Structures are given as structure tokens and as C-alpha cells.
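In what follows, a structure is listed as C-alpha cells, so that the remarks can point back to it.
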Amino acid sequence: MPLSFRLLKRLDLHLLISIGLLVFFGLFILYSATFDQFADETSPLLFLIKQLIAFFLGTLFMFGATYMDYHFLEQYAEVFYFLLLSLLLIVINIGQASTGVQRWLYFGSFNIQPSEIAKLGVIIILAKFFANHKGSLNSFVEIFPALIIIGIPFLLIFKQPDLGTALMFIIIFLGMGYWAGINSLLLFLIISPFFSILIFNGISFHPWLFWGIYLLSILFILHYYKINLIDTGIFFGLNIMSGITFPLLWNSLQYYQQQRLLSFINPAIDPMALGTRYHTAKSVIAIGSGGIVGQGFLRGPLTHLHYIPEHHTDFIFTVIGEEFGLIGTLFIIFLLGYIIFRGLRIAVNAQDEFGSLLAIGIVSLLLF
Numbered sequence: 008m009p010l011s012f013r014l015l016k017r018l019d020l021h022l023l024i025s026i027g028l029l030v031f032f033g034l035f036i037l038y039s040a041t042f043d044q045f046a047d048e049t050s051p052l053l054f055l056i057k058q059l060i061a062f063f064l065g066t067l068f069m070f071g072a073t074y075m076d077y078h079f080l081e082q083y084a085e086v087f088y089f090l091l092l093s094l095l096l097i098v099i100n101i102g103q104a105s106t107g108v109q110r111w112l113y114f115g116s117f118n119i120q121p122s123e124i125a126k127l128g129v130i131i132i133l134a135k136f137f138a139n140h141k142g143s144l145n146s147f148v149e150i151f152p153a154l155i156i157i158g159i160p161f162l163l164i165f166k167q168p169d170l171g172t173a174l175m176f177i178i179i180f181l182g183m184g185y186w187a188g189i190n191s192l193l194l195f196l197i198i199s200p201f202f203s204i205l206i207f208n209g210i211s212f213h214p215w216l217f218w219g220i221y222l223l224s225i226l227f228i229l230h231y232y233k234i235n236l237i238d239t240g241i242f243f244g245l246n247i248m249s250g251i252t253f254p255l256l257w258n259s260l261q262y263y264q265q266q267r268l269l270s271f272i273n274p275a276i277d278p279m280a281l282g283t284r285y286h287t288a289k290s291v292i293a294i295g296s297g298g299i300v301g302q303g304f305l306r307g308p309l310t311h312l313h314y315i316p317e318h319h320t321d322f323i324f325t326v327i328g329e330e331f332g333l334i335g336t337l338f339i340i341f342l343l344g345y346i347i348f349r350g351l352r353i354a355v356n357a358q359d360e361f362g363s364l365l366a367i368g369i370v371s372l373l374l375f
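Reading the sequence shown from the start, the letters are residues 8 to 375 in my numbering.
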């Protein structure tokens with residue numbers, strides 16, 4: 008059979024077409040967001056050219072991966088993981104800061120964000136861990152290594168600060184853990200310290216009272232479901248420690264880092280849309296101005312008058328909403344939803360547990 012036919016047989020054409028449409032539409036949006044932004048630059052198409060190069064390299068990688076035995080990833084999972092941790096440490100120490108955050112490594116006109124690559128590294132090593140411990144993930148002690156796996160990059164990325172990316176590791180763990188057979192109650196108890204933090208540090212009216220009620224509720228759940236004594240002590244202790252010690256971690260952050268995290272948790276805190284919440288507030292206005300069909304390609308006034316300075320990166324969805332309206336945004340959401348559906352189908356039909364968990368890890372990443 009010719010090489011091209013063997014390649015097509017290996018590919019999920021439905022998934023490939025969906026991704027292709029998403030990339031094609033994304034390139035149009037990126038052009039609209041940046042074509043008039045760099046009038047003084049050598050090329051006003053700078054960002055589009057970079058994205059096309061990345062698309063070309065990604066396509067080569069995809070076709071190469073099609074012929075690669077994915078168990079190669081399982082064999083070298085620990086190597087990938089420690090390399091990515093090294094990159095995260097390098098970013099903290101020598102990474103270039105931009106707009107108050109330190110997330111990138113620059114190589115000439117190109118840059119990489121190690122926290123994005125770290126997601127894939129964590130998915131690979133978690134897939135290996137869960138696949139090797141299938142059926143024996145019934146207690147905190149048995150799951151603890153997986154928590155260490157996500158905990159280290161979580162803390163390194165939280166320090167940048169990048170709470171959104173850090174939280175993705177928890178989402179990945181929950182999705183893959185549930186697929187691997189971890190009990191839903193156990194998953195809730197594992198993330199319960201985060202609720203303890205929110206209640207004790209986020210409620211201004213009698214926080215001790217509400218925190219005490221929450222701790223009693225956790226204790227009741229542990230007793231009612233007959234959780235073993237060791238796990239009971241661990242989970243209850245973690246809820247107490249997390250609530251009390253979080254202020255120490257919070258105070259170790261710089262003021263601008265605290266403001267960025269607060270704006271992520273509650274963008275509506277600042278009704279005047281000043282400081283760190285400016286982008287979120289303006290993006291909501293821009294998306295709303297698009298209406299049903301949008302302002303038209305290259306015609307988004309808020310976008311092209313630079314009311315949203317980062318509209319070509321994290322707030323690119325703003326351009327879609329403003330120029331293509333509700334129809335455009337629903338189209339993008341539909342494509343993403345269909346890609347997730349195909350990912351779930353791959354996970355169900357995978358030949359082994361490792362492959363299935365790899366697919367679920369990527370699906371969990373896309374869902375968040």
C-alpha cells in the first residue's frame with residue numbers, strides 16, 4: 008500500500024478536518040488582530056508569519072507522530088517530565104518578564120512558554136502512572152505520587168504568576184484520575200483543601216464560623232463514608248493547614264502578582280476596569296458589540312483602535328466576538344466541542360490503558 012494511503016488510514020479525518028478549520032479560521036482572526044498593529048515594523052504580517060511557521064512545524068510533527076509508536080512516550084516519560092521542570096526553573100531565574108509576569112524564554116524573535124509544554128509532559132507521566140497502578144488507586148497514599156507530579160509544576164507556574172495555567176494541572180489530574188478509576192469521593196476530598204482556602208480567606212463576614220462549619224462537614228463526610236483512619240487524618244489535616252498557611256504563601260507574592268491572581272478569580276471586582284482588570288472588562292464590551300453577525304472582518308472598532316492591547320494573544324476570542332458576532336463564536340465553540348468528542352472516542356477505542364489516558368488528558372486540557 009502506498010505511503011500516502013497508509014497515512015490516511017491512520018488519521019482520524021473527522022478530527023483532522025475540524026482542527027484544519029479551526030486553524031484556518033484562527034489565521035484569519037490573527038491577521039485581523041495584527042495587520043494594522045505594527046505599521047512601523049518591517050512586516051505588518053509578523054505575527055501571522057510566525058503562526059504559519061508554527062503551523063508548518065506542527066503539521067510535520069503531527070505526521071511524524073502518526074508513524075511513531077506512542078509507547079515511546081511512556082518509556083521516556085520521566086525524562087520528559089524532568090526536562091520540563093528544568094525549563095520551568097530556568098524561566099523563574101532567567102526568563103524575560105513581560106507585562107508583570109515572567110513566563111517566556113526568548114530565542115531571537117521567537118519565544119517559548121515552558122508552562123504550555125509542561126502540560127503535555129504532565130499528561131504523559133500521569134498516563135504512565137495511572138496505567139501502571141490501575142485498580143490500586145483507592146487511598147490517598149496510593150494517589151500521593153500523582154499529586155507530587157502535578158504539585159511541583161503547579162507551584163512553579165503559580166509563582167510566575169499564572170494561576171490559569173496552574174489550575175489546568177488540577178483539571179488534568181481530575182479528568183485522568185476519574186478515567187483511571189479513582190473514586191469520585193476521593194477526588195473531591197483531594198481538592199477539598201482548595202475550598203478550605205476559599206472559605207477561610209475569601210469570606211469577610213465571620214470567616215472562622217463558616218470555616219468551622221466546612222471543617223465539620225468534611226469530618227462528617229469522612230466518618231459517614233468510613234474513610235480509613237490514616238486518610239481521615241490526612242484529609243482533615245490538609246484542610247486545616249491549607250486554610251491557615253495560605254496567607255503566608257499569598258504574602259510571599261509581589262503586589263502586582265496578587266492583583267493578577269485576584270483579577271483572574273473575580274474580574275468584576277474593579278467596576279472602573281482599571282489596572283489588571285482592564286482587559287477583561289473591555290473584552291466583554293467588545294464581544295457584546297458584535298451582536299448576532301458581528302461588525303465584519305477587519306472592522307472591529309475596539310480591536311483596531313487598540314482598546315484591548317493583548318487582543319492578538321490571550322484575548323483573541325474578543326476579535327471573534329466583535330467581528331463575527333454570536334454566529335462566529337458558536338462556530339468556534341462547535342469545532343472545539345467536536346474535537347473533544349473525537350478525543351473521547353479515541354480514548355474509548357484505544358488499544359491500551361496508556362493510550363486511553365493520553366487521550367483523556369488532552370481532552371481534559373481542551374475542556375478547561
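We treat Cβ as the ideally placed atom computed from N, Cα and C, and that holds for glycine.
Bear in mind the structure is a predicted one, so any value in this text is a computation, not a measurement.
Since residue i is in the alpha helix (DSSP H), which residue starts that stretch and which ends it?
{"i": "Arg-352", "result": "323-356"}
{"i": "Thr-41", "result": "20-41"}
{"i": "Ala-187", "result": "Premise fails: Ala-187 is in no alpha helix (DSSP H) and is neither H nor E."}
{"i": "Gly-71", "result": "53-73"}
{"i": "Ser-363", "result": "360-374"}
{"i": "Gln-82", "result": "78-82"}
{"i": "Pro-160", "result": "147-165"}
Between the Cα of residue i and those of the options, spot the shortest distance and give me the residue it belongs to.
{"i": "Ile-164", "options": "Val-30, Leu-96 and Met-183", "result": "Leu-96"}
{"i": "Ile-56", "options": "Phe-35, Arg-110, Asp-76 and Ala-72", "result": "Phe-35"}
{"i": "Ser-39", "options": "Met-69, Tyr-345 and Thr-310", "result": "Thr-310"}
{"i": "Leu-342", "options": "Ser-25, Leu-18, Ile-197 and Ile-189", "result": "Ser-25"}
{"i": "Ala-366", "options": "Leu-92, Gly-65, Leu-28 and Val-129", "result": "Val-129"}
{"i": "Leu-226", "options": "Gly-209, Ala-61, Leu-196 and Lys-166", "result": "Leu-196"}
{"i": "Ile-292", "options": "Trp-215, Ser-211 and Ile-315", "result": "Ile-315"}
{"i": "Gly-368", "options": "Gly-71, Gly-27, Ile-178 and Leu-37", "result": "Ile-178"}
{"i": "Glu-329", "options": "Ile-241, Glu-360, Gly-307 and Asp-169", "result": "Gly-307"}
{"i": "Asp-19", "options": "Asp-359, Ala-354, Phe-375 and Phe-361", "result": "Ala-354"}
{"i": "Leu-91", "options": "Phe-331, Leu-170, Leu-52 and Leu-127", "result": "Leu-127"}
{"i": "Tyr-77", "options": "Asp-359, Phe-375 and Val-370", "result": "Asp-359"}
{"i": "Thr-66", "options": "Leu-216, Trp-215 and Leu-23", "result": "Leu-23"}
{"i": "Gly-171", "options": "Glu-123, Leu-64 and Thr-239", "result": "Glu-123"}
{"i": "Glu-81", "options": "Phe-243, Phe-361 and Val-370", "result": "Phe-361"}
So, helix, strand or coil for residue i, using DSSP?
{"i": "Ile-210", "result": "coil"}
{"i": "Asn-118", "result": "strand"}
{"i": "Leu-260", "result": "coil"}
{"i": "Tyr-221", "result": "helix"}
{"i": "Tyr-231", "result": "helix"}
{"i": "Tyr-314", "result": "coil"}
{"i": "Leu-127", "result": "helix"}
{"i": "Leu-96", "result": "helix"}
{"i": "Leu-170", "result": "helix"}
{"i": "Leu-305", "result": "coil"}
{"i": "Leu-112", "result": "strand"}
{"i": "Gly-142", "result": "coil"}
{"i": "Thr-320", "result": "coil"}
{"i": "Val-300", "result": "coil"}
Taking 9 Å as the threshold (C-beta atoms), are residue j and residue i in contact?
{"i": "Leu-364", "j": "Ala-187", "result": "yes"}
{"i": "Pro-160", "j": "Ala-134", "result": "no"}
{"i": "Thr-336", "j": "Phe-324", "result": "yes"}
{"i": "Ile-247", "j": "Ser-199", "result": "no"}
{"i": "Ile-412", "j": "Leu-373", "result": "As shown, the chain starts at 8 and ends at 375. That puts residue 412 outside it, with no answer to give."}
{"i": "Lys-300", "j": "Leu-333", "result": "According to the sequence as given, residue 300 is Val; it is not Lys. Taking 9 Å as the Cβ cut-off, Val-300 and Leu-333 qualify as a contacting pair."}
{"i": "Tyr-185", "j": "Leu-194", "result": "yes"}
{"i": "Leu-162", "j": "Ala-153", "result": "no"}
{"i": "Phe-87", "j": "Ile-132", "result": "yes"}
{"i": "Ile-228", "j": "Phe-217", "result": "no"}
State yes or no: is the beta carbon of residue i nearer than 9 Å to at least one beta carbon in chain B?
{"i": "Arg-306", "result": "In the displayed structure, chain B is absent; only one protein chain is listed."}
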